[in-house]
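In the UniProt record's numbering, the protein residues as written are 1 to 169.
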Amino acid sequence: MAHPWEIKISLNFLLKCTSVYLQAMRRLGTIVCRFFFLDGRTKAIDVHPTDTAGDAVLKLAEKLNLFNTEGWAIFQSRPNGEEHIKSFDYLYDVIAAWELKQVKLHPTTTTHKRLTNGSSSGENRFVFKKRLFKSTRELSQDPVEVNLLYAQAVYSVVKNTMIQHYTVR
Numbered sequence: 001m002a003h004p005w006e007i008k009i010s011l012n013f014l015l016k017c018t019s020v021y022l023q024a025m026r027r028l029g030t031i032v033c034r035f036f037f038l039d040g041r042t043k044a045i046d047v048h049p050t051d052t053a054g055d056a057v058l059k060l061a062e063k064l065n066l067f068n069t070e071g072w073a074i075f076q077s078r079p080n081g082e083e084h085i086k087s088f089d090y091l092y093d094v095i096a097a098w099e100l101k102q103v104k105l106h107p108t109t110t111t112h113k114r115l116t117n118g119s120s121s122g123e124n125r126f127v128f129k130k131r132l133f134k135s136t137r138e139l140s141q142d143p144v145e146v147n148l149l150y151a152q153a154v155y156s157v158v159k160n161t162m163i164q165h166y167t168v169r
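Below, the structure written as structure tokens:
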């Protein structure tokens, strides 16, 4: 027989499950999520329920042939701005939060607009970009990284946002 705390945890977990999570668990597999780049491109990767943002960075880097993932991160882009997703955060949890917010905004709607990331999450997106810039005078020799950084610089100028600069020692 299960302990009361185990039942409580299970009930809390089930109450927080979203359609994306339940869909993936029914299939016992992954969902396909689309990740956006600042140069206008997108890449789709399979995301497992246990995949973190750090896992997604590695999968995207492999797909792009990006050799060095240091400083690269996943951001969530929402109508009210962008936010960095910590490397240990589960992408399913982020999608679940998007869905729950969408349901709260439109509780009577039974069918939601399905997005390319497989969720009914409104205008939310996963964006792949550089988060951490080392104070170094070395220029990357990786053409993939140079292209991504150039697109991010242009995007920042056009959007009039400052590239965050962090010093790593």
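Where is the CB? At the ideal position from N, CA and C, for every residue including glycine.
Rounded Cβ spacing between residue i and residue j (contact assumed at less than 8 Å)
i	j	result
Ile-74	Phe-128	6 Å
Phe-77	Arg-34	Note on residue identity: the sequence assigns Ser, not Phe, to residue 77. Not quite, the Cβ-Cβ distance comes to about 12 Å (not below 8 Å), so this is no contact.
6 Å Cβ shell around residue i - same chain, five flanking residues per side excluded
i	result
Ala-61	Thr-69
Thr-116	Model confidence at Thr-116 stands at a pLDDT of 42, short of 50, so the residue's coordinates are unreliable; what they give is reported in the following sentence. Excluding positions up to five away in sequence, the list reads Arg-34.
Leu-64	Val-144
Leu-123	As written in the sequence, residue 123 is Glu, which differs from the Leu given in the question. The answer, listed in chain order, is Pro-79.
Thr-42	Arg-34, Phe-36
His-48	Thr-30
C-beta contact flag for residue i and residue j at 8 Å
i	j	result
Ser-87	Thr-30	no
Leu-66	Glu-145	yes
residue 170	Gly-71	Past the edges of the chain, shown from 1 to 169, lies residue 170, and the structure says nothing about it.
Leu-91	Ala-56	yes
Asp-39	Ala-153	no
Same chain only: Cβ atoms within 7 Å of residue i, ignoring 5 sequence neighbours per side
i	result
Asp-89	Thr-52, Ala-53
Asp-46	Thr-30, Val-32
His-84	Ala-73, Phe-75, Arg-131
Val-94	Gln-76, Ile-85
Lys-59	Ile-45
Simplified DSSP assignment, three categories, for residue i
i	result
Val-127	strand
Val-154	helix
Asn-160	coil
Own chain residues within Cβ distance below 8 Å of residue i, not counting five before or after
i	result
Ser-140	Asn-68, Val-146, Leu-149
Review point. Which runs of the beta strand (DSSP E), 3 residues or longer, sit entirely within the region 37–105?
Key: 42–47, 72–78, 81–85
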